Every structure is written in structure tokens, then in C-alpha cells.
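This report concerns only the one structure given below.
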Amino acid sequence: SINAEYGVESFLRSLIPLLIMKTELCVFSQHKIYPGHGTIFVLKDAKTNHFSSRKARQLFIAKKNPRVIKWTLFYRRQHKKGQAEIKKVRKQKIVIHKQRDYIGASMESIKQRRLQKPEIRKAATQAALREIKKKKEKKKLEKKDAKTKPAGIDPKSSKRVYQKLGKTHGGKGR
Numbered sequence: 001s002i003n004a005e006y007g008v009e010s011f012l013r014s015l016i017p018l019l020i021m022k023t024e025l026c027v028f029s030q031h032k033i034y035p036g037h038g039t040i041f042v043l044k045d046a047k048t049n050h051f052s053s054r055k056a057r058q059l060f061i062a063k064k065n066p067r068v069i070k071w072t073l074f075y076r077r078q079h080k081k082g083q084a085e086i087k088k089v090r091k092q093k094i095v096i097h098k099q100r101d102y103i104g105a106s107m108e109s110i111k112q113r114r115l116q117k118p119e120i121r122k123a124a125t126q127a128a129l130r131e132i133k134k135k136k137e138k139k140k141l142e143k144k145d146a147k148t149k150p151a152g153i154d155p156k157s158s159k160r161v162y163q164k165l166g167k168t169h170g171g172k173g174r
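Okay, so the sequence shown: first residue is 1 according to our numbering, each after it adds one.
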């Protein structure tokens with residue numbers, strides 16, 4: 001039984017060189033040509049050229065440069081297409097944060113505000129917002145009063161005041 005197994009093993013080992021396929025490279029595109037594929041073109045000086053396709057053969061005969069044609073491996077290698085991106089280890093820049101003065105606020109005042117409790121800071125911002133709202137309401141009331149007053153003689157001066165009318169027509173504004 002040992003001899004029978006050994007005989008089968010040696011037989012299989014002898015088949016291994018037959019199972020290996022010999023591939024050629026296309027002269028124009030550098031693609032692999034497997035057995036049974038492609039064509040062989042023989043020049044006058046008996047030099048054989050293997051081509052993967054008719055397109056490659058015709059471009060070779062037309063003396064085209066494979067480095068210019070985008071689908072060839074020459075072009076792809078030259079322009080670094082399809083290669084796995086090589087990860088480069090870059091040194092991280094050390095960021096140093098410096099605190100600077102803002103316009104209208106010195107560093108001391110900024111530090112004091114940071115040290116304040118959040119409740120006090122919140123109350124101050126709410127008070128500032130209330131003041132802004134009051135100013136806006138006053139402006140609205142003044143505008144309403146100005147609209148209700150008729151355009152005519154200004155009581156403060158004896159000069160006549162005219163209201164500006166907005167454009168009531170379209171066009172180029174001439």
C-alpha cells in the first residue's frame with residue numbers, strides 16, 4: 001500500500017510542470033497573454049512580437065507610443081494609476097496655542113470673565129439682550145410715529161420736508 005501511494009505522488013509531481021502556464025507579455029501594452037490568447041507578429045528581421053489584442057498590434061504597426069495611450073500599463077505606471085497608495089508617516093506638527101487680546105478686550109478682562117460663575121455670566125447676557133430688545137422696540141415706535149405724521153412743514157424748522165417715494169415702476173431706473 002505504501003508503494004501504491006508513493007507511485008501516485010510521484011505521478012502527480014511529474015504533472016506539476018505541465019500545470020504551470022507560461023504567460024507572455026504584450027510588447028505594446030505589457031498585459032499578460034495566457035496560452036491560447038493573443039497573436040504573434042514576426043518582423044522582417046525574424047524578431048517575434050506578442051500582442052494581446054488586434055488593437056495593440058495595429059497601434060504598434062502605426063508606431064504609436066504606448067506611454068501616451070491611457071489603457072497601456074506603460075501609461076498607468078508612468079502616471080501612478082492603480083497602485084496601492086503608499087502610506088507615508090508624516091511628523092505631526094506641534095501646535096502651540098497662544099492666547100491673545102481681542103479688539104476691545106484685554107487678556108485680564110477675558111480671564112476675569114472666564115473665572116466668573118456661569119449664573120452671573122448668563123444673567124449679564126440676558127440683561128444685555130433685554131436692553132437690545134428695548135432699543136429695537138423704541139426704533140419701531142419712532143418709525144410708526146414718523147409714518148403717521150403728515151409730510152409737510154416741520155415744526156422745528158420753517159423749511160418744507162418731502163417724503164421720499166419708493167420706485168413704483170420697474171425698468172432700468174432712468
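Idealized CB from N, CA, C, for every residue including glycine. Remember, it's a predicted structure, so these values are computed and weren't measured experimentally.
Residue i CB to nearest heavy atom of the ligand MN below 7 Å
i, result
"residue 57", "What this structure holds is no ligand at all, so the ligand MN is not there to describe."
Spatially closest choice to residue i from the options, by CA coordinates
i, options, result
"residue 73", "61, 56, 63 and 62", "56"
"residue 22", "104, 125 and 34", "34"
"residue 29", "49, 20 and 12", "49"
For residue i, the three-state DSSP class (helix, strand or coil)
i, result
"residue 23", "coil"
"residue 48", "strand"
"residue 70", "coil"
"residue 28", "coil"
Test item: CB-CB of residue i and residue j under 8 Å
i, j, result
"residue 36", "residue 51", "no"
"residue 121", "residue 113", "yes"
"residue 107", "residue 116", "no"
"residue 67", "residue 78", "yes"
Integer-rounded CB distance, given that residue j should sit under 8 Å from residue i
i, j, result
"residue 25", "residue 32", "7 Å"
Taking the runs of the beta strand (DSSP E) that are 3 residues or longer, which of them lie wholly in the region 73-127? none
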